[in-house]
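S.K.:
Numbering (full-length UniProt numbering), first residue to last: 1 to 165.
(1) Would you kindly check if the distance between the Cβ of residue 111 and the Cβ of residue 81 is under 8 Å?
(2) Residue 121: buried (16+ other C-beta within 10 angstroms of its C-beta) or exposed?
(3) Quick test of the definition: if touching needs 3 or more C-beta pairs under 8 Å, does the segment 65-78 touch the segment 122-137?
(4) Residue 119: buried (16+ other C-beta within 10 angstroms of its C-beta) or exposed?
(5) Would you mind listing the alpha helix (DSSP H) stretches within the UniProt domain "N-acetyltransferase" (1-155) that are 4+ residues and don't spill past its ends, in chain order?
(6) With DSSP as the reference, label residue 158 as helix, strand or coil.
(7) If contacts are defined as beta-carbon pairs under 8 Å, then residue 144 and residue 25 qualify, I think. What distance do you get, rounded to the angstrom?
(8) Taking the C-alpha atoms as reference points, what is the distance between residue 71 and residue 55?
(9) Let me check understanding here. Comparing Cα to Cα, which of 33, 14, 108 and 114 lies closest to residue 173?
Right under this line is the structure:
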């Protein structure tokens with residue numbers, strides 16, 4: 001499995017994977033999926049968009065961008081999506097580790113997650129395994145189809161001692 005910068009010919013599969021996660025309503029704040037033209041602009045306008053690809057097939061992706069501007073512009077944020085039928089193969093872990101390295105190379109000092117749904121146990125386990133620190137909880141910060149659930153904020157410092165390999 002190779003993780004690399006996305007190419008335009010990846011967009012169809014990337015959009016399918018992204019929209020699959022949006023439609024599930026359990027991880028991303030977006031409520032509407034991306035159309036073809038919208039997806040092209042969305043992925044191209046990130047600081048970095050990476051894909052996990054093997055034998056010409058995209059299995060997952062991530063987007064990386066500033067979490068804020070100006071004096072807080074050194075804080076980055078990322079989102080990850082893995083094809084539903086490919087989960088459990090450590091693709092998500094590879095994407096997260098690649099994003100940590102990429103963020104550091106791009107000059108970011110922190111990678112912060114603003115809204116990890118409390119029910120997203122796999123993501124929570126992964127982030128804590130890698131070394132992300134829990135920043136806090138926002139009660140009822142994520143709206144689901146059936147109500148509200150807490151969101152957890154996480155961060156990792158992007159210095160040499162915390163860099164994931």
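Every residue gets a Cβ at the ideal spot worked out from N, C-alpha and C, and that includes glycine.
M.R.: Reading from the atomic positions:
(1) Along the chain shown, read from residue 1 onward, the residue named residue 81 stands at position 81. Along the chain shown, read from residue 1 onward, the residue named residue 111 stands at position 111. Their beta carbons are not under 8 Å apart, which means residue 81 does not touch residue 111 by this criterion.
(2) Residue numbering aside, residue 121 sits at position 121 when the chain shown is read from its first letter. That one is exposed.
(3) no
(4) Locating residue 119 in the chain shown gives position 119, where the first residue counts as 1. With fewer than 16 other Cβ atoms within 10 Å, it is exposed.
(5) 11-24, 36-44, 91-105 and 121-130
(6) Along the chain shown, one-based indexing puts residue 158 at 158. Note: residue 158 maps to coil in three-state DSSP.
(7) Here the question's residue 144 lines up with position 144 in the chain shown. Here the question's residue 25 lines up with position 25 in the chain shown. Contact holds; Cβ gap of about 6 Å.
(8) To locate residue 71, count along the chain shown from 1; it is residue 71. To locate residue 55, count along the chain shown from 1; it is residue 55. For residue 71 and residue 55, the distance between alpha carbons rounds to 42 Å.
(9) Because the chain spans 1 through 165 in this model, residue 173 falls outside it and cannot be assessed.
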